[in-house]
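Peer 1: Residue numbers (the working numbering), protein chains in the order written: chain A, 1 to 243; chain B, 244 to 559; chain C, 560 to 1514.
Supplied in structure tokens, the structure appears directly below.
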Amino acid sequence: MTSLPSAPPARKLGLVIDLDTCVGCHACAVNCKEWNTGGHSAPLTDTDAYGMNPSGVWFNRIHSFEAGDGPAGRTVNFPRSCLHCDEADCVTVCPTGASYKRTEDGIVLVNPDTCIGCKLCSWACPYGAREYDEDEGVMKKCTLCVDRIENQNLPEEDRVPACVSTCPAHARHFGDLADPASAVSKLVAERGGFDLMPELGYRPVNKYLPPRPRAVLPAAPAAEAQEPGLPGFLGWVDRILSR
Amino acid sequence: MHPSTSVIFFTVASGAGYGLLAALALLAVIGLIVPGGGLPLLGLLLALGLITAGLLSSTLHLGHPERAWRAFSQWRSSWLSREGVASVATYLPAVLLAALFVRADVPRGLVVAVAVLAFAGAVATVVCTAMIYRSLKPIGAWHNRHTVPGYLIIGAATGFAVAYALFAGTGSSAAWVAGIGAIVALSAGFLQKRAYWRFLDTEDGPASPESATGLGGIGRVRLLDPPHTGPNFVMREMGYAVARRHAEALRRIVLVAGFVVPAWAIALGLGLAGGLAVGLGTVAAVSALLGAVVERWLFFAEARHTAMLYYGATRS
Amino acid sequence: MERLDPSPPVSDEVKCTTCYMCACRCGIRVHIQDGQVRYIEGNRDHPVNRGVLCAKGSAGIMQHLSPARLRKPLRRVGPRGSGEFEEIEWEEALGLAHSWLAEIRGRDPTRLAFFTGRDQSQALTGWWAQAYGTPNFAAHGGFCSVNMAAAGLYTFGGSFWEFGEADFERTKLFLMFGVAEDHDSNPIKIGLARLKERGATFVSVNPVRTGYSSIADEWVPVRPGTDGALVLALIHELLRARRIDLDFLAAYTNAPWLLIEDPGGAEHGLFARDGEGKPLVADAAGALHPWDAAGVTPSLTAAVTLPDGRRAKPAFVLMAETYLDEKYSAEAASAVTGIAASRIRALAARIAEVAFEQTITVETPWTDWRGVRHKRFVGRPVSFHAMRGISAHANGFQTCRALHVLQMLLGAVDCPGAWRYKSPYPRPTPPPIRPGGKLGETGPNAPLPRPPLGFPMGPDDLLVDAKGRALRIDKAYSWDAPVAAHGLMHLVIRNAWAGDPYKVDLLFMYMANMAWNSAMNSAGTVRMLTDTNEDGSYRIPRIIYADAYASETVAYADLVLPDTTYLERYDAISLLDRPIGNAEGPGDAIRHPVVKPDRDVRPFQDVLLDLGARLGLPGMVREDGSPRFPGGYADYITNHERGPGIGPLAGWRGADGSKHGKGEPNPEQLARYIENGGFWKMHLPDDALFMKFANKAYLDHAVAMGFMGSAAPIVLQLYVEPLQRFRLAAMGHGAKQPPDHLRARIIACLDPLPVWYPPFEGAALPEAAFPLHAVTQRPAAMYHSWGSQNAWLRQIHGENRLYINRGTATALGIADDDWVHVTSHHGRITVQVKLMEGVEPSTVWTWNAIGKRAGAWALDPRAPEAMRGFLLNHLISEHLPEADGGGGHLNSDPVTGQAAWYDLRVRVEKATLAPEATEPHLPPLKRPPGVTTPTGPLRFGAAFGRSPENRKPRP
Ligand SMILES: Nc1nc2c(c(=O)[nH]1)N[C@H]1C(S)=C(S)[C@@H](COP(=O)(O)OP(=O)(O)OC[C@H]3O[C@@H](n4cnc5c(=O)[nH]c(N)nc54)[C@H](O)[C@@H]3O)O[C@H]1N2
Ligand SMILES: Nc1nc2c(c(=O)[nH]1)N[C@H]1C(S)=C(S)[C@@H](COP(=O)(O)OP(=O)(O)OC[C@H]3O[C@@H](n4cnc5c(=O)[nH]c(N)nc54)[C@H](O)[C@@H]3O)O[C@H]1N2
Ligand code: SF4
Ligand code: SF4
Ligand code: SF4
Ligand code: SF4
Ligand code: SF4
Ligand SMILES: [Mo]
């Protein structure tokens, strides 16, 4: 179903990624791969796995950037997966309907059984979030762990995406971004969560939280005006200890 | 963008095929070619051949060619789907026209009606093809007003050049009209491509590393480490980069081989007939097609995708 | 529209065990479907990782299924290094190993060198070595972080390394020195996230701004090897500003203990003691008392005359005299460290402000060891953590000590918000174990009287002969490395090859890739392993190696004992070794087989116990000579007792499983662990949670649990007296004295108060010739060499670059992606660079252990790891440059023998030609029998997918 939902989805499930705490450890990327290679889009094929050009299907990839120069400069680790855009051209360009956005929660999925592997959706995605499985000849992508988040076979607290539950730095949050009262919406509001490439108009559901401004060290107070040298110091010690 | 042979072949061949179909349909409407003649029929078959070869090549590059039929379903939103529908729809008048040309005793009204439909189908299909690219926002080189005219003009230029080559030996009015049509299209192509490249060289891309990461507020953004040390699908597909020097040379080849040479050859041939004209016509057609191939290669190779901003590209 | 099942079944069953993709020991839940591992996730209930799992842990499936797994015991048939092996049966392999081991033990057990890696069964392997009778045993600690372990254990009976953690829940200012990843991989990340959530400040002192440092509020780009100067300047500033916790120092540290002032005397700088040997303190009136006498308020300043007429002053006074000197000013430190003096002062001010003005309390009354009741715990919420950025330098012990002294001055030790001990620490300073293997303590068929590794208190505890020469093959506990608490694994192969101090007959190694990334001078090490005597025999006559995978080292063994993977065996993460306790209480854990091996492999611990039984080693056989633990390692874990009631596991002891800590063996113990998710965890009583070194409730608890022999308090050692004993010997006192070439160094470096001295390698080289420092970092997603066989992880780190500061590179005419020659005093490598901003300008760095020997690890010999990956190890020598004057000096810390990896100095020059591969490129290794490189796509998971019938690959 290639057309986007006619009315905005009632729920907009998505991720909020905190660039202030992400240490770039790749845990989310590997756990994602591990879960999803046996899940909805199984397998996440690897080619030349032990050879000269190992490559594979990953739904989540961790980049790191340097922003700014000099003392203001920072290193920012940057996880990137599908953003489940509201205006998802990856869906509308799809000639087969294999790519679709769910009306109930806005998740963008590919049906691997009907995809013809034309790759057009990958061209339409500005974020490079689509992953072609050369071996299977179909397009795959982050499913927002659609086979986890409502999976009755999992305990309630595990019904979040694999990348979220595994992130050791708690830099990933999952929830309903259509609901202003949800924890994720509040986080976005408090921390100034932003869209990637807003100028392209895809209106991503996933948001990124910016690195916090740095705490600046206080200007150093001069050492207290006390008698200088060791005798002065020891005198102070005695005074304090005989309080 | 990675210039894939199958897509280049597909767009050039089908563009030329539809151009030729359009040229023949036009000649048929004006009445310069009539059913029964060998050459028009040959031309129509050639057009159908080019179109079919192009479509086949585009289908074979799919991950699942056996599911290609599914691609007709999403014409409401997808230009690729629309292209599929349009191309299949165009087969009807095109094949019918060819069938009509087998025999001489066909009512002219019918020929005109079918030719008009074939012409419209050809134009519509090429527009759809162009719109596939035109609609892709992440690719600034395509998402602009040059793409559709570019496809139409090159389709016309190559189609009419082939049509001229077909009729050149006859020295007939059909040759004249095809030849002049080709010269017009080739000249337009020359101007259009130059305008496009000027646009490409001056336009900022749709996004920047700063907007792609949202970190512009801190300062200039540079990639430190890519996610993986080896290339992946996105990098292979979108990460093609052609050196400036090469691009310049190739652009000159496009202008000379694609437009100047064929236009001159046709201009020389016009008014001639026989072997020399056929020779010049063939030179024109082959040169135009080669130029189109190079043009198409550049169309992909010079196009940058915003996704590469995440892999170290400094502009999109 | 797709029909989608939102609730597919996840797996048939879940088994809880412990991860071993690294040494962090996280709890995992392994989902098994159709008898295969389908998914591994973190165990929410587990105290270490609390549900999270890192990249390596998540890739465990690919480690478990690695094509590099060894399949059967191997006997070398070609020359060493040729990779020519034949597969043999276990009986033959064990028979062979036994015959070699038995012959040596009957002749001279010291001719066996038994060295293990990061195996987490050192309680077993050390015990085995002791029973065998060789002092030549150690694990990886000597090249890893013994500087941290020793500095901590000698100072306060815990350490940054493994035995302590920051109070992430309460701290307000957290300073991290030289940490990229650490053993507490997940806990640190969880902790940093908690800091951020609470708005606390995180300062990272590190030449490189990646990983943890990238999220720090303050990044302090220190020049490598100069942290000691930085920390001592902080101390100077705090003293100058009178911002120290005098009450804490007087009550809990040895700051008031009196030091004999008798320059030139044999006891100069030792504590003045009473007749019972108790250190003395003076009260304000100058009267002497044993330090622990009831009702005495010790003075920190009173200098006194001892009854014998010698002068004495509190250690505190010596400390103040020392560090108030302008030599330790921020300006002086700035010139060394590259950090602006104003920034150092600001840091000191911030530390003081948080420690003294933002104190926190935990409202639990507690009683100290003197019986004084306190209404609450008062916290100084400044915490520190440090690891190899400090320890992998030749001044690492002292730098770590400096940090500990800083903690003591702030009173920020084990209080709320500070660095805290992980239970079962603290232990006495240092733990009361002395190394076994002194002269006369070894002999044919005799066990050692004590474990091979321990904590010397002075020259008497060294393992040296009458002439002062080392008794251990690695020279641990010799004058080269007197406090080598973890041995010097990085010297074993070199020394065995050189016969220095003697030759060994058998080198027995387990789980350490000594022919590659854990060696200094890797290419040289390979040559030593294959070098022959004139008669053609090998200089190292025999090598047995136990590995689970086709690593580089396998090729150099004569006999290869193939181990299982971590999902196929029992392991004990024991209180006797490196347990999983944290500040809230002790804990330990197990691994147990969750899947069966599909190969003819055996758990190494089973094999070791089997060999022990065949050799008839004490404790491993019954009276009748039959094996004591016929059930293998599981049997040992359950039934072995180290002391009465104390075994490898502390949980569910006693016949009915009702006892914890101490108790008779419980036959059902392992079952109880498995029921409980694979681990045991105990929460300390609330009044025992802090100030454990002096907290009566804690000390009593520790005795009851068997962690300590007595409830004596642990006095924090501002001044480490045992070091002074070594110095006095170097000054010419006592029967055991160092060789002359080491005297000056011992006097300078074994200072009982922390000192900073420039790292040796740099000091021995002309600055202009080797202007840059070269260090490595752990990548979070890769574990040393063993991650490269992992189909998933190797995509993340398949090759490495040399990272260099953009400005520095530009000045050298080097651009991004250029190839460069990197030259040290020892060797040269040719590699590709990556320019970056966030690195201290005189530092270059790369990821550790990504480079692979071609042909190893079942990878294609032209794999990127071999073609574009590289090791810095080729540049690092076991010895210091000759220029130092003492060519024989080890490239190691002079206190502990810790390998000084990060003292490496280099120059970088642009290479004119890009080579086909990084250099040196050693010839490819042949794959051992049974190991092949799979080709074709890896479709792992296809069988588990939602609708497998639709997942068939295209025709
Ligand atoms: N340049 C440089 N060199 C360094 C360091 C550095 O920072 N820079 N760091 C040093 C430090 S701290 C360390 S600890 C060392 C680490 O170096 P190593 O201890 O050599 O670490 P690994 O490469 O992980 O190799 C361990 C071996 O254990 C094997 N192994 C893995 N799992 C199992 C198993 O289940 N059973 C058995 N029997 N074997 C197994 C692997 O196959 C491998 O051969 O490197 C040191 N070398
Ligand atoms: N993912 C992963 N985790 C691991 C391991 C692994 O291989 N991979 N290995 C495990 C092992 S065996 C060990 S020993 C631990 C080690 O854990 P870490 O101590 O984190 O070890 P390194 O990666 O050596 O990190 C050293 C850090 O110190 C910095 N540094 C170097 N020189 C200096 C200096 O002079 N001063 C300061 N302030 N910083 C300096 C380096 O830039 C680097 O960031 O990690 C363990 N955990
Ligand atoms: S797991 Fe968390 S910290 Fe690690 S890379 Fe992913 S988002 Fe960042
Ligand atoms: S991120 Fe890309 S793939 Fe995902 S919804 Fe947006 S456009 Fe589509
Ligand atoms: S690759 Fe598949 S999902 Fe993507 S546009 Fe083509 S048919 Fe649709
Ligand atoms: S939501 Fe699920 S599929 Fe998407 S990146 Fe996270 S783990 Fe992967
Ligand atoms: S840190 Fe990662 S690899 Fe290490 S034990 Fe924990 S989960 Fe396993
Ligand atoms: Mo280590």
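All residues carry an ideal CB built from backbone N, CA and C; glycine is no exception.
Predicted, not measured: the structure shown is a model, and the values here were computed from it.
Apart from the five residues on each side of it in sequence, which residues of its chain come closer than 6 Å, Cβ to Cβ, to Gly1445 of chain C?
Peer 2: To locate residue 1445 of chain C, count along the third sequence from 1; it is residue 886. Only weak support is given to the placement of Gly1445 of chain C: the predicted model assigns it a pLDDT of 49, under 50, and the value that follows is read from those uncertain coordinates. Here the set comprises His1300.
Peer 1: Classify Thr730 of chain C as buried or exposed, calling it buried when 16 or more other Cβ atoms lie within 10 Å of its own Cβ.
Peer 2: Here residue 730 of chain C corresponds to residue number 171 of the third sequence, with the count starting at 1. With 16 or more Cβ atoms within 10 Å of its Cβ, Thr730 of chain C is classed as buried.
Peer 1: Let me see if you follow: with CB-CB separation under 8 Å, is Ile116 of chain A close to chain B or not?
Peer 2: What you label residue 116 of chain A is simply residue 116 of the first sequence in a count that begins at 1. At least one chain B Cβ lies under 8 Å of Ile116 of chain A.
Peer 1: Can you tell me whether Leu303 of chain B is buried or exposed? The criterion is at least 16 other CB atoms within 10 Å of its CB, across all chains shown.
Peer 2: Start at 1 with the first residue of the second sequence, and residue 303 of chain B comes out as number 60. Leu303 of chain B should be labelled exposed.
Peer 1: If we define contact as Cβ-Cβ less than 8 Å, is Thr302 of chain B a contact residue for chain C?
Peer 2: Taking the first residue of the second sequence as 1, we reach residue 302 of chain B at position 59. No - not a single Cβ of chain C is within 8 Å of the one on Thr302 of chain B.
Peer 1: Is it the case that the Cβ atoms of Leu552 of chain B and Ala450 of chain B are separated by a distance below 8 Å?
Peer 2: By one-based count along the second sequence, residue 552 of chain B stands at place 309. By one-based count along the second sequence, residue 450 of chain B stands at place 207. Yes, Cβ-Cβ distance for Leu552 of chain B and Ala450 of chain B is below 8 Å.
Peer 1: If distances are taken between C-alpha atoms only, which option among B:Thr372, B:Val366, B:Ala337 comes closest to Val355 of chain B?
Peer 2: For the purposes of this step, residue 355 of chain B is taken as the residue at position 112 of the second sequence. Closest by alpha carbon: B:Ala337.
Peer 1: Which first and last residues belong to the alpha helix (DSSP H) in which Gln1228 of chain C is found?
Peer 2: As a working note, residue 1228 of chain C is residue 669 in the third sequence. Annotation: the continuous alpha helix (DSSP H) that includes Gln1228 of chain C extends over 1228–1234.
Peer 1: Is it buried or exposed for Pro126 of chain A, if we count other Cβ within 10 angstroms and need 16 for buried?
Peer 2: The residue labelled residue 126 of chain A in the question sits at position 126 within the first sequence. Pro126 of chain A counts as buried, since at least 16 other C-beta atoms from the protein chains shown sit within 10 angstroms of its C-beta.
Peer 1: I'd like to know whether the C-beta of Val76 of chain A is nearer than 8 Å to at least one C-beta of chain C.
Peer 2: Here residue 76 of chain A corresponds to residue number 76 of the first sequence, with the count starting at 1. Output row for Val76 of chain A: interface = yes.
Peer 1: Is there at least one Cβ from chain A nearer than 8 Å to Ser530 of chain B's Cβ?
Peer 2: Position 287 of the second sequence holds residue 530 of chain B. For Ser530 of chain B, the answer is no, since every Cβ of chain A falls outside 8 Å of its Cβ.
Peer 1: Give a yes or no on whether the C-beta atoms belonging to Asn1225 of chain C and Gly1216 of chain C are separated by under 8 Å.
Peer 2: Numbered from 1 along the third sequence, position 666 holds the residue referred to as residue 1225 of chain C. Numbered from 1 along the third sequence, position 657 holds the residue referred to as residue 1216 of chain C. Yes; because the gap between Cβ atoms is below 8 Å, this pair is in contact.
Peer 1: Confirm, please, whether the CB-CB distance from Glu728 of chain C to His1049 of chain C is below 8 Å.
Peer 2: The residue you call residue 1049 of chain C lines up with position 490 of the third sequence. The residue you call residue 728 of chain C lines up with position 169 of the third sequence. It is not a contact, given that the beta carbons lie outside the stated cut-off.
Peer 1: Answer yes or no: the CB of Pro168 of chain A versus the heavy atoms of ligand 3, is any distance below 7 Å?
Peer 2: The residue you call residue 168 of chain A lines up with position 168 of the first sequence. The answer is yes for Pro168 of chain A.
Peer 1: Using a beta-carbon distance below 8 Å, is Gln1354 of chain C in contact with chain B?
Peer 2: Within the third sequence, residue 1354 of chain C is the residue found at index 795, counting from 1. Chain B, which has a Cβ nearer than 8 Å to the Cβ of Gln1354 of chain C, makes this yes.
Peer 1: Are at least three pairs of beta-carbons, each pair with one atom in the stretch 133–144 of chain A and one in the stretch 103–115 of chain A, less than 8 Å apart?
Peer 2: yes
Peer 1: When the distance is taken between beta carbons, is Asp135 of chain A closer than 8 Å to Arg1528 of chain C?
Peer 2: Nothing can be reported for residue 1528 of chain C: it is not among the residues displayed for chain C, which extend from 560 to 1514.
Peer 1: Quick one, what's near ligand 7 if you take every residue whose CB is closer than 6 Å to any heavy atom, in chain order?
Peer 2: Chain-ordered, the residues whose CB falls short of 6 Å from any heavy atom of ligand 7 come out as C:Cys578, C:Met580, C:Cys581, C:Cys583, C:Arg584, C:Cys585, C:Asn608, C:Leu612, C:Cys613, C:Lys615, C:Gly616, C:Ser744, C:Asn745.
Peer 1: Could you tell me whether any non-hydrogen atom of ligand 6 is closer than 7 Å to the CB of Trp1351 of chain C?
Peer 2: Taking the first residue of the third sequence as position 1, residue 1351 of chain C is located at position 792. Incorrect: Trp1351 of chain C has no Cβ contact closer than 7 Å to ligand 6.
Peer 1: In the DSSP output, which residue or residues are listed as bridge partners for Val1398 of chain C?
Peer 2: The residue labelled residue 1398 of chain C in the question sits at position 839 within the third sequence. Its beta-bridge partners are C:Val767.
Peer 1: Since Gln1336 of chain C is in the beta strand (DSSP E), which residue starts that stretch and which ends it?
Peer 2: In the third sequence, counting from the first residue as 1, residue 1336 of chain C sits at position 777. Taken as a continuous stretch (DSSP letters only), the beta strand (DSSP E) holding Gln1336 of chain C covers 1331–1336.
Peer 1: Near Pro474 of chain B, what residues of its chain come up, given a Cβ to Cβ distance below 8 Å and the 5 sequence neighbours on each side ignored?
Peer 2: Counting from 1 along the second sequence, the entry for residue 474 of chain B is found at position 231. So the qualifying residues of the chain are Gly482.
Peer 1: Going by Cα to Cα distance, which pick from B:Leu513, B:Leu443, B:Ala417, B:Val420 is closest to Arg487 of chain B?
Peer 2: Stepping through the second sequence from its first residue, residue 487 of chain B is reached at position 244. Arg487 of chain B has its Cα closest to that of B:Leu443, out of B:Leu513, B:Leu443, B:Ala417, B:Val420.
Peer 1: Tell me, please, whether the CB atom of Trp123 of chain A is closer than 8 Å to any CB atom in chain B?
Peer 2: Here residue 123 of chain A is taken as the residue at index 123 of the first sequence, counted from 1. Cβ-Cβ to chain B under 8 Å: yes for Trp123 of chain A.
Peer 1: Report the rounded CA-to-CA distance for Ala739 of chain C versus Gly1489 of chain C, giving the unit in angstroms.
Peer 2: To locate residue 739 of chain C, count along the third sequence from 1; it is residue 180. To locate residue 1489 of chain C, count along the third sequence from 1; it is residue 930. About 37 Å.
Peer 1: Just to confirm my understanding: we take Ala627 of chain C, look at its own chain, exclude 5 residues before and 5 after, and list those with CB closer than 7 Å. What are they?
Peer 2: Locating residue 627 of chain C in the third sequence gives position 68, where the first residue counts as 1. Cβ neighbours of Ala627 of chain C beyond the five flanking positions: Tyr1108, Ala1109, Gln1348, Trp1416, Ala1417, Val1490.
Peer 1: Check whether the Cβ of Asp105 of chain A sits closer than 7 Å to any heavy atom of ligand 4, and report yes or no.
Peer 2: On the first sequence, residue 105 of chain A is found 105 positions in, with the first residue counted as 1. No, the beta carbon of Asp105 of chain A sits no closer than 7 Å to any heavy atom of ligand 4.
Peer 1: Taking Ile509 of chain B and Ala400 of chain B to be in contact with their CB atoms under 8 Å, please state how far apart those CB atoms are, rounded to whole angstroms.
Peer 2: Taking the second sequence and counting its residues from 1, one reaches residue 509 of chain B at position 266. Taking the second sequence and counting its residues from 1, one reaches residue 400 of chain B at position 157. Their Cβ separation, rounded to whole angstroms, is 10 Å, which puts Ile509 of chain B and Ala400 of chain B out of contact at 8 Å.
Peer 1: Who are the near neighbours of Ala341 of chain B in its chain, counting only those whose CB is closer than 8 Å to its CB and skipping five residues on each side?
Peer 2: Along the second sequence, read from residue 1 onward, the residue named residue 341 of chain B stands at position 98. Leu284, Leu287, Leu288, Leu291, listed in sequence order.
Peer 1: Between which two residues does the alpha helix (DSSP H) containing Gly1146 of chain C stretch?
Peer 2: Here residue 1146 of chain C corresponds to residue number 587 of the third sequence, with the count starting at 1. Run containing Gly1146 of chain C: none in the alpha helix (DSSP H); it sits in the beta strand (DSSP E), 1146–1150.
Peer 1: With a threshold of 7 Å, establish whether the CB of Asn520 of chain C neighbours any heavy atom of ligand 1.
Peer 2: Past the edges of chain C, shown from 560 to 1514, lies residue 520 of chain C, and the structure says nothing about it.
Peer 1: Determine, using beta carbons only, whether Thr472 of chain B comes closer than 8 Å to chain C.
Peer 2: Walking along the second sequence from the start, residue 472 of chain B turns up at place 229. Output row for Thr472 of chain B: interface = yes.
Peer 1: In angstroms with no decimal places, state the Cα-to-Cα distance between Arg1421 of chain C and Pro1482 of chain C.
Peer 2: The count along the third sequence starts at 1 and reaches residue 1421 of chain C at position 862. The count along the third sequence starts at 1 and reaches residue 1482 of chain C at position 923. The alpha-carbon atoms of Arg1421 of chain C and Pro1482 of chain C are separated by roughly 11 Å.
Peer 1: Should the stretch 958–966 of chain C be regarded as contacting the stretch 773–783 of chain C, the criterion being three or more beta carbon pairs within less than 8 Å?
Peer 2: no
Peer 1: DSSP puts Phe1252 of chain C in a beta bridge; with which residues?
Peer 2: To locate residue 1252 of chain C, count along the third sequence from 1; it is residue 693. None, per the DSSP bridge assignment.
Peer 1: Please tell me whether Ala1071 of chain C and Thr1084 of chain C are closer than 8 Å, where the distance is taken between their beta carbons.
Peer 2: Here residue 1071 of chain C corresponds to residue number 512 of the third sequence, with the count starting at 1. Here residue 1084 of chain C corresponds to residue number 525 of the third sequence, with the count starting at 1. Going by C-beta atoms, Ala1071 of chain C is not nearer than 8 Å to Thr1084 of chain C.
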